[in-house]
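Colleague: Residue 1130 in this note's numbering sits at position 81 of the sequence shown; the count goes up by one each step and never skips.
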Amino acid sequence: MLVMKAVILAGGRGTRLLPLTVYRPKPMIPFFNRPLMEYAVQNLVKAGVNEIYVLVGYLKERIIDYFGDGSSWGVRMRYSNGDNIKLGTAGATKKVVKNMAETFFVVSSDVLTNLDLKALYEYHRRKKALATIALSRVEDPTQYGIAVINDDGRILRFKEKPKPEEAFSNLVNAGIYVFEPEAFDLVPKGKNFDFSKDLFPRMLENDLALYGFPFNEYWNDVGRPSSYLQATEDVFHGRLLLPELRTEGLKGNLEHGGALVTGRRCVLRRPGIRGFAVLGDDVEIGRNVKIERSVIFSGAVIEDGAEIREAIIGENVRIGKGVVIQPGSVIGDNTLIEDFSKIGSNVKIWVESRIGKESIILPD
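1) For ILE1134, which residues in the same chain have their Cβ closer than 6 Å to its Cβ, ignoring the five residues on either side in sequence?
2) Would you call the region 1207-1224 and the region 1181-1199 in contact, with 3 or more CB pairs under 8 Å?
3) Would SER1049 and GLY1194 be called neighbours here (beta carbons separated by less than 7 Å)?
4) Exposed or buried, what is ILE1409 when buried is set at 16 or more other beta-carbons lying within 10 Å of its beta-carbon?
5) Would you kindly report the start and end of the unbroken beta strand (DSSP E) that includes ASP1116?
6) What is the C-beta distance between ASP1382 and GLY1363, in whole angstroms, given that I count them as a contact (C-beta under 8 Å)?
7) Short of 8 Å in beta carbon distance, which residues of its chain neighbour PHE1389, apart from the five on each side in sequence? Order them along the chain.
8) Is DSSP giving SER1408 helix, strand or coil here?
9) Thinking C-alpha only, which one of ILE1351, GLY1117, ASP1247, ILE1361 is nearest PHE1325?
10) Let me check understanding here. Comparing Cα to Cα, which of PHE1080, LYS1167, GLY1119, SER1121 lies closest to ALA1096?
11) In angstroms, rounded to a whole number, what distance separates the CA positions of GLY1329 and GLY1312?
12) Within a Cβ cutoff of 6 Å, which residues of the same chain sit near TYR1102, ignoring the five residues on either side of it in sequence?
13) Under the assumption that ALA1180 contacts LEU1259 (Cβ atoms under 8 Å), give the Cβ distance between them as a whole number of angstroms.
14) Measuring straight from C-alpha to C-alpha, what distance separates LYS1208 and GLY1202?
15) Helix, strand or coil: how does DSSP classify ASN1337 here?
16) Just to confirm the assignment: which complete beta strand (DSSP E) runs, minimum length 3, are found wholly within the region 1349-1411?
17) Give the secondary structure of LEU1066 by DSSP, where H, G and I count as helix, E and B as strand, and everything else as coil.
18) Considering just the uninterrupted stretch of the beta strand (DSSP E) at GLU1100, what are its terminal residues?
19) On the three-state DSSP scale, how would you describe ALA1216?
20) Which same chain residues, not among the five before or five after SER1185, have their C-beta less than 7 Å away from its C-beta?
21) DSSP three-state label for SER1120, please.
22) Just to confirm my understanding: we take ILE1204, look at its own chain, exclude 5 residues before and 5 after, and list those with CB closer than 8 Å. What are they?
23) If I'm right that VAL1236 touches PHE1228 with Cβ under 8 Å, what's the distance once you round it to whole angstroms?
24) Can you give me the start and stop residues for the beta strand (DSSP E) that LYS1208 sits inside?
25) In whole angstroms, what is the alpha-carbon distance linking VAL1124 and GLU1100?
26) Provide the residue(s) that pair with ILE1486 in DSSP beta bridges, ordered along the chain.
27) Quick check: what's the CA-CA separation for VAL1344 versus GLU1151?
28) May I ask you to list the residues that DSSP assigns as paired with ARG1127?
29) Name the residue from GLU1352, ARG1273, PRO1068 whose alpha carbon lies nearest to the alpha carbon of LYS1339.
30) What's the gap between the Cα of ASP1256 and the Cα of VAL1160?
31) Under the rule that 16 or more other beta-carbon atoms within 10 Å means buried, what is LEU1289, buried or exposed?
32) Less than 6 Å between the CB of ASP1159 and some heavy atom of the ligand GDP, yes or no?
33) What residue range does the beta strand (DSSP E) around VAL1310 cover?
34) Applying the criterion that 16 or more other CB atoms from any shown protein chain within 10 Å of the CB defines a buried residue, is PHE1217 buried or exposed?
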């Protein structure tokens, strides 16, 4: 049997998603009640991968406890710990390359995509590339590494996070790669070395076979609360396809009022939903509650008459009667917001907060 291997980058802190990443690493943020990383694992297994090395770091126990040896997903999982964050993406990957005899994948744990990984792998082999970067098209490329490719797909220029005036391309690094083990001969041992800032520029300097694979399938790197909510909406619209979630009927709901997906053991008293609501397990919602384009994690309690608009509500949050939460706000885990308080737009409430009755929290 052919052993196909992959590396999942899962060590980061996910600071742009704070306070959701205080008690959970970014790969474990729930998305339709499964950790983000689970979709990456399923994608790899579908492409034929049967052995995965997970580079862990921040709150690694949460990842290891959930995925274990990987047998529930039909794959063998091992974990590489240590100075992964200090070593950078390429430096941390180099530590496990000694286990790779053949072509292998490297993927980010927090990317949601419908990219056909098998097609990417076959393209890489066909081009006899040393490394291939999956490239997605975006409107604003300044947050990403950008690439220019020739007609053959070979990368001619690459720049990490360009200023607007330097953005010579809208093809961006999607955080999904195929490598030959030899590519890591360029990576110094035990030093901080990054794929985008160090390895890819070095490959270009040495005129090595670095290819790009432009794709049109869905891609979202879930970097901010707004992109998390956008990805959630994209599932309801059928733009992002998730295994085991049929969305044919959901889109109709979206157009005629509100689409609802709940976890287990939820208690709802006919909430008014606009757009969509995604609820975790054990969520309780009182009477006359209005929810619009929001995600509510497990164990939350929302009392009568509360309004939640375009917000993310953490685990075990309690929202009192008549509380109003405005668009763009994120409420950290285990927070209590007492009756008739108002949380303004784009406010982040830290974990374990206590907001007294009739308080008003305004943005900066």
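Just so it is clear, CB atoms sit at the ideal spot from N, CA and C, and this is done for glycine as well.
Keep in mind the model is a prediction, meaning the values are calculated, not measured.
Modeller: With the given structure in hand:
1) For this step, residue 1134 is matched to residue 85 along the sequence shown. GLY1060, GLY1106, listed in sequence order.
2) yes
3) Because the chain here runs from 1050 to 1413, residue 1049 falls outside it and cannot be looked at.
4) As a first step, residue 1409 is located in the sequence shown; it is residue number 360 there, counting from the start. Answer is exposed; the Cβ neighbour count stays below 16.
5) As a first step, residue 1116 must be located in the sequence shown, where it is residue number 67. Contrary to the premise, residue 1116 reads as Phe rather than Asp in this sequence. That residue, PHE1116, is in no beta strand (DSSP E); its alpha helix (DSSP H) goes 1109-1116.
6) Your numbering for residue 1382 matches position 333 in the sequence shown. Your numbering for residue 1363 matches position 314 in the sequence shown. Contact flag correct, Cβ pair sits at about 4 Å.
7) One-based indexing of the sequence shown puts residue 1389 at position 340. Excluding positions up to five away in sequence, the list reads GLY1369, LYS1370, GLY1371, VAL1372, LYS1406, GLU1407.
8) One-based indexing of the sequence shown puts residue 1408 at position 359. Residue state, collapsed to three classes: coil.
9) Mapped onto the sequence shown, residue 1325 falls at position 276. That would be ILE1361, whose Cα lies nearest to the Cα of PHE1325.
10) Within the sequence shown, the letter at position 47 stands for residue 1096. Selection PHE1080, LYS1167, GLY1119, SER1121 evaluated against ALA1096 yields LYS1167 as nearest (Cα-Cα).
11) Working through the sequence shown from its first residue, we reach residue 1329 at position 280. Working through the sequence shown from its first residue, we reach residue 1312 at position 263. Separation of GLY1329 and GLY1312 (C-alpha to C-alpha, rounded to the nearest whole angstrom) is 5 Å.
12) As a working mapping, residue 1102 is identified with position 53 in the sequence shown. So the qualifying residues of the chain are VAL1056, ARG1127, SER1129, VAL1145.
13) Reading the sequence shown from its first residue, position 131 is the one you call residue 1180. Reading the sequence shown from its first residue, position 210 is the one you call residue 1259. Indeed, because the Cβ distance is near 5 Å, the residues count as touching under 8 Å.
14) Counting from 1 along the sequence shown, the entry for residue 1208 is found at position 159. Counting from 1 along the sequence shown, the entry for residue 1202 is found at position 153. The straight-line gap from Cα to Cα measures roughly 17 Å.
15) For the purposes of this step, residue 1337 is identified with residue 288 of the sequence shown, where counting begins at 1. Note: ASN1337 maps to coil in three-state DSSP.
16) As far as the region 1349-1411 is concerned, its whole beta strand (DSSP E) runs of at least 3 residues are 1356-1358.
17) Within the sequence shown, residue 1066 is the residue found at index 17, counting from 1. Correct three-state label for LEU1066: helix.
18) Here residue 1100 refers to the residue found at position 51 when the sequence shown is read from its first residue. Note, GLU1100: beta strand (DSSP E), 1100-1105.
19) Counted from its first residue, the sequence shown places residue 1216 at position 167. Correct three-state label for ALA1216: coil.
20) The residue you call residue 1185 lines up with position 136 of the sequence shown. Hits under 7 Å: VAL1221, ALA1223, PHE1264, TRP1268.
21) Within the sequence shown, numbered from 1, the residue matching residue 1120 stands at position 71. It is helical.
22) Within the sequence shown, numbered from 1, the residue matching residue 1204 stands at position 155. The answer, listed in chain order, is ILE1182, ALA1196, VAL1197, ILE1198, PHE1249, LEU1253, LEU1259, TYR1260, GLY1261.
23) Counting from one through the sequence shown, the residue named residue 1236 turns up at place 187. Counting from one through the sequence shown, the residue named residue 1228 turns up at place 179. Actually they are not in contact, since the Cβ atoms of VAL1236 and PHE1228 sit about 11 Å apart, beyond 8 Å.
24) Translated into positions along the sequence shown, residue 1208 becomes position 159. Run containing LYS1208: 1204-1209, per the beta strand (DSSP E) assignment.
25) In the sequence shown, counting from the first residue as 1, residue 1124 sits at position 75. In the sequence shown, counting from the first residue as 1, residue 1100 sits at position 51. Between VAL1124 and GLU1100, the alpha-carbon positions lie close to 6 Å from each other.
26) Here the chain covers residues 1050 to 1413 and nothing more, so residue 1486 does not appear.
27) For this step, residue 1344 is matched to residue 295 along the sequence shown. For this step, residue 1151 is matched to residue 102 along the sequence shown. Rounded to the nearest whole angstrom, the C-alpha separation of VAL1344 and GLU1151 is 41 Å.
28) Along the sequence shown, one-based indexing puts residue 1127 at 78. When beta bridges are read from the DSSP output, ARG1127 appears opposite TYR1102.
29) Working through the sequence shown from its first residue, we reach residue 1339 at position 290. Among GLU1352, ARG1273, PRO1068, the Cα nearest to that of LYS1339 is on GLU1352.
30) The residue you call residue 1256 lines up with position 207 of the sequence shown. The residue you call residue 1160 lines up with position 111 of the sequence shown. Rounded to the nearest angstrom, the two C-alpha atoms are 29 Å apart.
31) Translated into the one-based positions of the sequence shown, residue 1289 becomes position 240. The residue is buried, with at least 16 neighbouring Cβ atoms inside 10 Å.
32) What this structure holds is no ligand at all, so the ligand GDP is not there to describe.
33) On the sequence shown, residue 1310 is found 261 positions in, with the first residue counted as 1. 1307-1310 is the extent of the beta strand (DSSP E) around VAL1310.
34) On the sequence shown, position 168 is the one that residue 1217 refers to. Exposed.
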